[in-house]
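Student:
There are 2 protein chains.
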Amino acid sequence: MGKIPNNSCAIARSLEVLGGRWTFLILREASTGSSRFSEFRSGLGVAPDVLTERLNTLVENGVMQKVPYREPGERARFSYALTDAGRELLVVLLGLQQWGDKHLPWPDGPSFLRQVEGTGRPVHIGFIDDSGNEVDERSVALVPTVAHPRLK
Amino acid sequence: MGKIPNNSCAIARSLEVLGGRWTFLILREASTGSSRFSEFRSGLGVAPDVLTERLNTLVENGVMQKVPYREPGERARFSYALTDAGRELLVVLLGLQQWGDKHLPWPDGPSFLRQVEGTGRPVHIGFIDDSGNEVDERSVALVPTVAHPRLK
Chain A
-6 MGKIPNNSCA
4 IARSLEVLGG
14 RWTFLILREA
24 STGSSRFSEF
34 RSGLGVAPDV
44 LTERLNTLVE
54 NGVMQKVPYR
64 EPGERARFSY
74 ALTDAGRELL
84 VVLLGLQQWG
94 DKHLPWPDGP
104 SFLRQVEGTG
114 RPVHIGFIDD
124 SGNEVDERSV
134 ALVPTVAHPR
144 LK
Chain B
-6 MGKIPNNSCA
4 IARSLEVLGG
14 RWTFLILREA
24 STGSSRFSEF
34 RSGLGVAPDV
44 LTERLNTLVE
54 NGVMQKVPYR
64 EPGERARFSY
74 ALTDAGRELL
84 VVLLGLQQWG
94 DKHLPWPDGP
104 SFLRQVEGTG
114 RPVHIGFIDD
124 SGNEVDERSV
134 ALVPTVAHPR
144 LK
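First to last, the sequence lines map onto chains A and B. So the first sequence is residues -6 to 145, counted in the working numbering. So the second sequence is residues -6 to 145, counted in the working numbering.
#1: Measuring CA to CA, which of Lys59/A, Leu82/A and Leu86/A is closest to Tyr73/A?
#2: What is the rounded straight-line gap between the Cα of Glu67/B and the Cα of Trp15/B?
#3: Using a C-beta to C-beta distance shorter than 8 Å, which residues of chain E count as neighbours of Ser1/A?
#4: Can you check the segment 90 to 123 of chain A for any beta strand (DSSP E) of at least 3 residues that lies completely inside it and give the ranges in chain order?
#5: Please state whether the Cβ-Cβ distance between Ser1/A and Trp99/B is less than 8 Å.
#6: Could you name the residues of the segment 16 to 35 of chain A whose beta carbon sits closer than 8 Å to any beta carbon of chain B, in the order they occur along the chain?
#7: I'd like the span of the alpha helix (DSSP H) that includes Ser35/A, first residue to last.
#8: Return the CA-CA distance between Leu106/B and Pro65/A, expressed in angstroms with no decimal places.
#9: Could you give the distance in angstroms between the alpha-carbon of Pro137/B and the alpha-carbon of Arg70/B?
#10: Any residues in the segment 75 to 100 of chain A with a beta carbon nearer than 8 Å to a beta carbon of chain B? Which ones, in chain order?
#11: At the level of alpha carbons, what is the spacing between Gln91/A and Asn(-1)/A?
#12: Residues bridged to Pro61/B by DSSP?
#13: Would you say Ile4/A and Arg21/B are within 8 Å of each other, going by their C-beta atoms?
#14: Using DSSP with H/G/I as helix, E/B as strand and the rest coil, what is Pro(-2)/B?
#15: Taking Leu97/A as the reference, give the member of Pro41/B, Gly55/B and Leu44/B with the closest Cα.
#16: Counting only C-beta atoms, is Thr138/B closer than 8 Å to chain A at any point?
#17: Please confirm whether Arg47/B has its beta-carbon closer than 8 Å to some beta-carbon of chain A.
#18: Closer than 7 Å by C-beta to Tyr62/B: which residues in its own chain qualify, once you throw out the five before and the five after it? Chain order, please.
#19: Can you have a look at Gly146/B and say buried or exposed, based on whether 16 or more other CB atoms are within 10 angstroms of its CB?
#20: Identify whether Ala40/B lies in helix, strand or coil by the three-state DSSP scheme.
#21: Could you spell out the range, first to last residue, of the beta strand (DSSP E) harbouring Ala134/A?
#22: What's the C-alpha gap between Leu135/A and Gln108/B?
#23: I want to verify the contact list: residues of chain B whose CB lies under 7 Å from the CB of Gln108/A, in sequence order.
#24: Out of Val85/B, Arg6/B, Glu127/B and Arg131/B, which one is the CA nearest neighbour of Ser24/A?
#25: Return the chain-ordered list of same chain residues with a C-beta closer than 8 Å to the C-beta of Asp182/A, the five sequence neighbours on each side being excluded.
#26: Against chain A, does Leu8/B count as a neighbour if the rule is that its beta carbon must be under 8 Å from one of theirs?
#27: Round the Cβ separation of Ile118/B and Val52/A to the nearest angstrom and send it over; I've been treating them as touching at under 8 Å.
#28: Taking the alpha helix (DSSP H) that Thr16/B belongs to, which residues open and close that run?
#29: Within 8 Å (strictly less), CB to CB, does Glu130/A reach chain B?
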């Protein structure tokens, strides 16, 4: 894990690591099967130096890990896989997807459906309380703690 | 609503509108009570020209709306309030918070707790199927549709 960003706000810390459009799109590619540098490059059309820098940042911060592989007759290389922490970002990524499909709709409709594997039931992203019940967004309260700078 | 970004991926379209760290932090401030330009400025320490540009982008894209107000003896001004679409981004914002508090922890602990208003029960962000049951992240499948460029 890299150095934890110096900010008491967890949203700001996450954005220090994930900041920037390319990072979320790299995570999208990794979530839909890309693992090799060439796959990320062709999936995103991103400049190689930007891609290298973003992948390194994600590895340093424990979001992705390097996995060695070697094709017959070629030198050893690395592919990139999501860590457990990286997979936990799926909820953020699919939250962006859900919002974009609703509020910035595409003429042909959504390019991906979110489903429960096996049953095919549709899945959405939302708020859940500790007894497993969905909570309406208007009932979610953000309560500042003693760790909040305004209360220090 | 502004022009919808020209990309079949809903994640990419959302990021065109929301892209950049400041935008998410403006939404954080709006979700915790800021509405005036001066409040966003002092809460974020952002340069005024950047703040103006980001607020305008959010208004153009239907995430925030301008609300006129006038202090006694002063000229009419505008404050900025989240629209319904803007409030629906709370799930993304608090997804980033949840992830940052877990994977990039702050020594003093979380600066905000997510609770159900009234009951105080803790709230997390997750996946929910159409019968209201929480779905484990490993059971969520992304199924490409005919709108996906690779299937055209």
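Glycine included, each C-beta is placed from N, C-alpha and C at the ideal position. Just so it is clear, the structure is predicted and the values come from calculations on it, not from any experiment.
Tutor: Checking against the coordinates, here is how it stands:
#1: The residue with the shortest Cα to Cα distance from Tyr73/A is Lys59/A.
#2: In a straight line, the C-alpha of Glu67/B is about 29 Å away from that of Trp15/B.
#3: This model lacks chain E altogether; the protein chains it does include are A and B.
#4: As summarised for the segment 90 to 123 of chain A, the continuous beta strand (DSSP E) elements at least 3 residues long and confined to that stretch are 105 to 109 and 116 to 122, given in chain order.
#5: Less than 8 Å separates the beta-carbon of Ser1/A from that of Trp99/B.
#6: The segment 16 to 35 of chain A vs chain B, Cβ under 8 Å: Phe17, Leu18, Arg21, Ser24 and Thr25.
#7: Unbroken alpha helix (DSSP H) run through Ser35/A: Phe30 to Leu37.
#8: Using only the alpha carbons, I get a separation of about 52 Å.
#9: Their Cα atoms are separated by approximately 46 Å.
#10: Flagged, chain order: Ala78, Arg80, Glu81, Leu82, Leu83, Val84, Val85, Leu86, Leu87, Gly88, Leu89, Gln90, Gln91, Trp92, Gly93, Asp94, Lys95, His96, Leu97, Pro98 and Trp99.
#11: The C-alpha of Gln91/A lies about 31 Å from the C-alpha of Asn(-1)/A.
#12: DSSP, once it has assigned bridges, lists Phe71/B as partnering Pro61/B.
#13: Closer than 8 Å, so yes.
#14: Pro(-2)/B: coil per DSSP, three-state reduction.
#15: Among Pro41/B, Gly55/B and Leu44/B, the Cα nearest to that of Leu97/A belongs to Gly55/B.
#16: Thr138/B counts as touching chain A.
#17: Judged by the 8 Å Cβ criterion, Arg47/B is not in contact with chain A.
#18: If you ignore the 5 residues before and after Tyr62/B, its C-beta comes within less than 7 Å of the C-beta of Arg70 and Ser72, all in its own chain and listed in chain order.
#19: Only positions -6 to 145 of chain B appear in this structure, which leaves residue 146/B out of reach.
#20: Coil, per DSSP.
#21: Run containing Ala134/A: Val133 to Pro137, per the beta strand (DSSP E) assignment.
#22: Between the alpha carbons of Leu135/A and Gln108/B lies a gap of roughly 6 Å.
#23: Result: Ala134 and Val136.
#24: Nearest C-alpha to Ser24/A: Arg131/B.
#25: Nothing can be reported for residue 182/A: it is not among the residues displayed for chain A, which extend from -6 to 145.
#26: It does: the Cβ of Leu8/B has a partner Cβ on chain A nearer than 8 Å.
#27: Not confirmed; about 25 Å, so no contact.
#28: For Thr16/B, the enclosing alpha helix (DSSP H) covers residues Arg14 to Ser24.
#29: For Glu130/A, the closest Cβ of chain B is nearer than 8 Å.
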